[in-house]
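Novice: According to this note's numbering, the sequence shown is numbered sequentially starting from 21.
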Amino acid sequence: MELKSRHLFLLPVLSFFVHKLVCDQIGLLDLPGAAGTQYIQLSLNDNPRVDIYASFFNFFITLGHTADAAAHQVSILSTVAALLGGMLGSWALGKKAGLAAAGIFLFFWPVLYLYSCLIGPDSLAFGLSWLGTGLIWAGWQASWIGIIPMLIGGALIWIGFSVKFLAAPLFLFVCLTPLTASSLKDHHWLYLSLCAIGAGLNYDLWWNRPIIGLTFQGGLRIPEIDWLPVASGWSKLIELHNMGMSEGKFEQLALALAAIFPFVKYKKKWRIFLLGLCSVIILCVCAFVLEDRIRMRLLAPASFGLVVVLSASAGKIFQNFRLSKWWLLPISIFLLLDTWSFLYSFGERQQKWSLNDPHSFPKPPKPWSEQYTDNISIFKDISLYGGAGAHQIIAEHKNSANRIYSMRLRDEREESLYTYAMLQGLDFERINPTVCCSTADFKCARSVLTQAQQSGALTLLPLKKAPWLRVHKNEARWYDLLLKAGKSLDQMQERDSWLVLPPTGTSGPPPCLNTAGQRNNNRRLSP
Numbered sequence: 021m022e023l024k025s026r027h028l029f030l031l032p033v034l035s036f037f038v039h040k041l042v043c044d045q046i047g048l049l050d051l052p053g054a055a056g057t058q059y060i061q062l063s064l065n066d067n068p069r070v071d072i073y074a075s076f077f078n079f080f081i082t083l084g085h086t087a088d089a090a091a092h093q094v095s096i097l098s099t100v101a102a103l104l105g106g107m108l109g110s111w112a113l114g115k116k117a118g119l120a121a122a123g124i125f126l127f128f129w130p131v132l133y134l135y136s137c138l139i140g141p142d143s144l145a146f147g148l149s150w151l152g153t154g155l156i157w158a159g160w161q162a163s164w165i166g167i168i169p170m171l172i173g174g175a176l177i178w179i180g181f182s183v184k185f186l187a188a189p190l191f192l193f194v195c196l197t198p199l200t201a202s203s204l205k206d207h208h209w210l211y212l213s214l215c216a217i218g219a220g221l222n223y224d225l226w227w228n229r230p231i232i233g234l235t236f237q238g239g240l241r242i243p244e245i246d247w248l249p250v251a252s253g254w255s256k257l258i259e260l261h262n263m264g265m266s267e268g269k270f271e272q273l274a275l276a277l278a279a280i281f282p283f284v285k286y287k288k289k290w291r292i293f294l295l296g297l298c299s300v301i302i303l304c305v306c307a308f309v310l311e312d313r314i315r316m317r318l319l320a321p322a323s324f325g326l327v328v329v330l331s332a333s334a335g336k337i338f339q340n341f342r343l344s345k346w347w348l349l350p351i352s353i354f355l356l357l358d359t360w361s362f363l364y365s366f367g368e369r370q371q372k373w374s375l376n377d378p379h380s381f382p383k384p385p386k387p388w389s390e391q392y393t394d395n396i397s398i399f400k401d402i403s404l405y406g407g408a409g410a411h412q413i414i415a416e417h418k419n420s421a422n423r424i425y426s427m428r429l430r431d432e433r434e435e436s437l438y439t440y441a442m443l444q445g446l447d448f449e450r451i452n453p454t455v456c457c458s459t460a461d462f463k464c465a466r467s468v469l470t471q472a473q474q475s476g477a478l479t480l481l482p483l484k485k486a487p488w489l490r491v492h493k494n495e496a497r498w499y500d501l502l503l504k505a506g507k508s509l510d511q512m513q514e515r516d517s518w519l520v521l522p523p524t525g526t527s528g529p530p531p532c533l534n535t536a537g538q539r540n541n542n543r544r545l546s547p
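Below you can see the structure in the form of structure tokens.
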């Protein structure tokens, strides 16, 4: 039976179940993801700051999922949306052959599995923006009737951009949309509109100042038009391997595109050449803009054009040279080995950082496993050190404790503890020296910890684990006092990377409650 285009759209459905199975094998008890745990608690508290993410999150809650399971479902669904967007974009260039090639490549691409493993806004912004761009590129091929998917795509990109700024590069691919058509005969009206929008962006029409040189949140700056951002960005793409972030292989994808492109037959080939060149330049410039903050989860959205053009070109190679479909078997095996290598490496590093239970992936062949350096520091900005261990400890005390206490951690990572407490239906409070003590000394620290135990609370304090700084630098002295006081108590336990002070009573008043700033987490976590 001949494979129809509609059959290929079963790949996203299959991908959903495969990604869910993969996430279950890793565990992910620490709920990794930049601001991921914070987005869970804000969604549970109906905070309008995260209303877009919360709408997806609450949908799965209404289906009966627990809060942590709902967060993972949002990430996996976002990844499936990205896969579908990539397939639509490749269909716009290579029709059925491009659709099939993109589906196969993205089904195995490790970057999509990375996003499935991360909770929070990154995955959602990535998925919405890729799907939106794919709809725009596909809609462009249908002349006037294509305005419907294009409007939907534009809305999705804007929603993704509203979720997180990492979706911004996709606006550039929207401007490149005219290059996806073999003929501009029926598209002069929209092409002129895109030119007007581009001119408006740079000539004060919307922001009342030029966009070149504009600085955004976090210090990210749009660079000047120069060769330096491209050359420097290319160097950063190559350096990703040494940083333990080989899952994208962007420089290899760019070189592969350059190698096969001369043999691809396109109608008006110059437009695809220009589209591919611009896609590589956009990726390099984004790598340059990120500078030392470069992370795969932040850079991958900008790879849409490169991945789509390469997939469409590979599909055209199969079509033009009438290659046997048996060639797909060794290609799929090669891609599978690469994905296997990433998942094993991710599981190993995640287990070392979060102290999660060991994953269940066997070790891949050495040539593939060696491509990922043992660099667990990449988890610093997406997960709490020892987070899985803390989550397990809190779950064990769900019925015996009424509150969780901890202190201010690095990068506000105590918010992860707050989320773990919420998932178990417990309150959380931070031991703030300015609230708990008139004088922050050993006597006060010991008194606060004892009072917390007697009130029925569980206290978690991070143990010192070189070389990681686990507490906020402004509370280093207070941390030493709390740690010394905690170790002086008889009931203390040292588990994993935490000093645990279990509850010893239920009658005493809880310490350190600031009525004005007291948290409220009384919302139901599931129907």
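C-beta: ideal position from N, C-alpha, C; glycine also. Model, not experiment: these values are computed from the prediction.
#1: Look at the alpha carbon of A408 and the alpha carbon of L49, and state the distance between them as a whole number of angstroms.
#2: Where I280 and T197 are concerned, what is the direct C-alpha to C-alpha distance, given to the nearest angstrom?
#3: Determine the DSSP secondary structure at A87, reduced to helix, strand or coil.
#4: Does the region 165-179 come into contact with the region 131-140, if we say contact requires no fewer than three beta-carbon pairs (one atom in each stretch) closer than 8 Å?
#5: With DSSP run on the structure shown, which of helix, strand or coil describes S426?
#6: Mind checking N419: buried by the 16 CB within 10 Å criterion, or exposed?
#7: Within 10 angstroms of the Cβ of D66, are there 16 or more other Cβ atoms? Answer buried if so, exposed if not.
#8: Could you pull out every unbroken alpha helix (DSSP H) segment of at least 4 residues lying fully inside the region 438-508, listed in chain order?
#9: Among the residues of its own chain, which have a CB less than 8 Å from the CB of N395, if the five just before and after it don't count?
#10: Could you tell me the alpha carbon to alpha carbon distance between G109 and S299, rounded to whole angstroms?
#11: Taking the alpha-carbon positions, what's the K493 to G406 distance?
#12: Find the nearest neighbour of L404 within the set L176, A415, D431, K115, judged by alpha-carbon distance.
#13: Using C-beta distances below 6 Å, list every residue in its chain close to G152, excluding the 5 sequence neighbours before and after it, in chain order.
#14: Here's a check: name, in chain order, each residue in its chain whose Cβ is nearer than 7 Å to the Cβ of A274, leaving out the five neighbours to either side.
#15: Can you tell me the Cα-Cα spacing of I124 and R342, whole angstroms?
#16: Cα-Cα, which of W373, S508, A307 is closest to Y186?
#17: Where does R69 fall in DSSP's three states?
#18: In the DSSP output, what is Q513 paired with across the bridge?
#19: So, is D71 buried or exposed, given that buried needs 16 or more other C-beta atoms within 10 angstroms?
#20: Leaving aside the five residues before and after A334 along the sequence, list all residues of the same chain whose C-beta is less than 7 Å from its C-beta, in chain order.
#21: Hey, would you say M170 sits closer than 9 Å to I156, going by beta carbons?
#22: What are the start and end residues of the alpha helix (DSSP H) that includes C43?
#23: To test your reading of the DSSP string, which unbroken beta strand (DSSP E) runs of 3 or more residues are found completely within the region 113-169?
#24: Judging by CA-CA distance, which residue of K345, L501, A477 is the nearest neighbour of T459?
#25: Provide the residue span of the alpha helix (DSSP H) that contains Q391, from first to last.
#26: Exposed or buried, R450, counting other C-beta atoms within 10 Å across all chains shown (16 or more means buried)?
#27: Could you check if E435 is buried or exposed, using at least 16 other CB atoms within 10 Å of its CB as the buried criterion?
#28: Under DSSP, the alpha helix (DSSP H) around A410 begins and ends at which residues?
#29: CB-CB under 6 Å to W227, same chain, minus the five flanking residues each way: which ones, in chain order?
#30: Going straight from the alpha carbon of G525 to that of A421, what length do you get?
#31: Check whether the Cβ atoms of P384 and W346 sit closer than 9 Å, and answer yes or no.
#32: Put S333 into one of helix, strand or coil per three-state DSSP.
#33: Could you tell me the alpha carbon to alpha carbon distance between F283 and W129, rounded to whole angstroms?
#34: Drop a sphere of 10 angstroms on the beta-carbon of I258, count the other beta-carbons inside from all chains shown, and report buried for 16 or more, exposed for fewer.
#35: Using a threshold of 9 Å, state whether the C-beta atoms of A612 and L480 are closer than that.
#36: Let's see if you can read the secondary structure: which residues bound the alpha helix (DSSP H) around P197?
Specialist: Taking the geometry as given:
#1: As a working note, residue 408 is residue 388 in the sequence shown. As a working note, residue 49 is residue 29 in the sequence shown. When rounded, the distance between both Cα atoms is 5 Å.
#2: What you label residue 280 is simply residue 260 of the sequence shown in a count that begins at 1. What you label residue 197 is simply residue 177 of the sequence shown in a count that begins at 1. One C-alpha to the other measures close to 22 Å.
#3: Position 67 of the sequence shown, counting from 1, holds the residue named residue 87. If DSSP states are grouped into helix, strand and coil, A87 belongs with the helices.
#4: no
#5: Numbered from its first residue, the sequence shown carries residue 426 at position 406. Note: S426 maps to strand in three-state DSSP.
#6: Here residue 419 corresponds to residue number 399 of the sequence shown, with the count starting at 1. Exposed: under 16 other Cβ atoms inside 10 Å.
#7: Along the sequence shown, read from residue 1 onward, the residue named residue 66 stands at position 46. With fewer than 16 Cβ atoms within 10 Å of its Cβ, D66 is classed as exposed.
#8: 453-456, 462-474, 496-507
#9: Position 375 of the sequence shown, counting from 1, holds the residue named residue 395. Closer than 8 Å at Cβ, skipping near neighbours: M263, G264, R369.
#10: Start at 1 with the first residue of the sequence shown, and residue 109 comes out as number 89. Start at 1 with the first residue of the sequence shown, and residue 299 comes out as number 279. Going from the Cα of G109 to the Cα of S299 covers about 13 Å.
#11: In the sequence shown, residue 493 corresponds to position 473, counting from 1. In the sequence shown, residue 406 corresponds to position 386, counting from 1. Rounded to whole angstroms, K493 to G406 spans 19 Å at the Cα level.
#12: Position 384 of the sequence shown, counting from 1, holds the residue named residue 404. Looking at the Cα atoms, D431 is the closest of the given residues.
#13: Taking the first residue of the sequence shown as 1, we reach residue 152 at position 132. So the list reads G173, L176, I177, once near-sequence residues are dropped.
#14: Here residue 274 refers to the residue found at position 254 of the sequence shown. Only V300, L326 meet the Cβ criterion.
#15: Here residue 124 is taken as the residue at index 104 of the sequence shown, counted from 1. Here residue 342 is taken as the residue at index 322 of the sequence shown, counted from 1. Each residue's Cα considered, the two are about 18 Å apart.
#16: As a first step, residue 186 is located in the sequence shown; it is residue number 166 there, counting from the start. Reading off the sequence, residue 186 comes out as Leu, not Tyr. Of the listed residues, the one whose Cα sits closest to L186 is A307.
#17: As a position in the sequence shown, residue 69 is number 49, starting the count at 1. Three-state DSSP puts R69 in a helix.
#18: As a first step, residue 513 must be located in the sequence shown, where it is residue number 493. Its beta-bridge partners are V520.
#19: Within the sequence shown, residue 71 is the residue found at index 51, counting from 1. So D71 ends up on the exposed side.
#20: Reading the sequence shown from its first residue, position 314 is the one you call residue 334. Cβ within range, chain order: A121, I280.
#21: Residue mapping note: residue 170 aligns to position 150 of the sequence shown, counting from 1. Residue mapping note: residue 156 aligns to position 136 of the sequence shown, counting from 1. A contact, by the Cβ cut-off of 9 Å.
#22: Within the sequence shown, the letter at position 23 stands for residue 43. Here the alpha helix (DSSP H) through C43 covers 30-46.
#23: none
#24: Along the sequence shown, read from residue 1 onward, the residue named residue 459 stands at position 439. Selected option, being the one with the closest Cα: L501.
#25: Taking the sequence shown and counting its residues from 1, the one referred to as residue 391 is at position 371. That residue, Q391, is in no alpha helix (DSSP H); it is neither H nor E in DSSP.
#26: Looking up residue 450 in the sequence shown gives position 430. It is buried - the Cβ of R450 has at least 16 other Cβ atoms within 10 Å.
#27: In the sequence shown, the residue the question calls residue 435 occupies position 415. Buried: at least 16 other Cβ atoms inside 10 Å.
#28: Along the sequence shown, read from residue 1 onward, the residue named residue 410 stands at position 390. Residues 407-416.
#29: Counting from one through the sequence shown, the residue named residue 227 turns up at place 207. Confidence is the limiting factor: at W227 the pLDDT is only 46, short of 50, which leaves the residue's position unreliable and the question unanswerable from this model.
#30: For the purposes of this step, residue 525 is identified with residue 505 of the sequence shown, where counting begins at 1. For the purposes of this step, residue 421 is identified with residue 401 of the sequence shown, where counting begins at 1. Going from the Cα of G525 to the Cα of A421 covers about 9 Å.
#31: The residue you call residue 384 lines up with position 364 of the sequence shown. The residue you call residue 346 lines up with position 326 of the sequence shown. Their beta carbons are not under 9 Å apart, which means P384 does not touch W346 by this criterion.
#32: On the sequence shown, position 313 is the one that residue 333 refers to. It is helical.
#33: Here residue 283 refers to the residue found at position 263 when the sequence shown is read from its first residue. Here residue 129 refers to the residue found at position 109 when the sequence shown is read from its first residue. If you take the alpha carbons of F283 and W129, they lie about 24 Å apart.
#34: Looking up residue 258 in the sequence shown gives position 238. It counts as exposed.
#35: Residue 612 lies beyond the range of the chain shown here (21 to 547); nothing can be said about it.
#36: In the sequence shown, counting from the first residue as 1, residue 197 sits at position 177. Looking at the sequence itself, residue 197 is Thr, so the reference to Pro does not match. No alpha helix (DSSP H) contains T197, which DSSP labels as neither H nor E.
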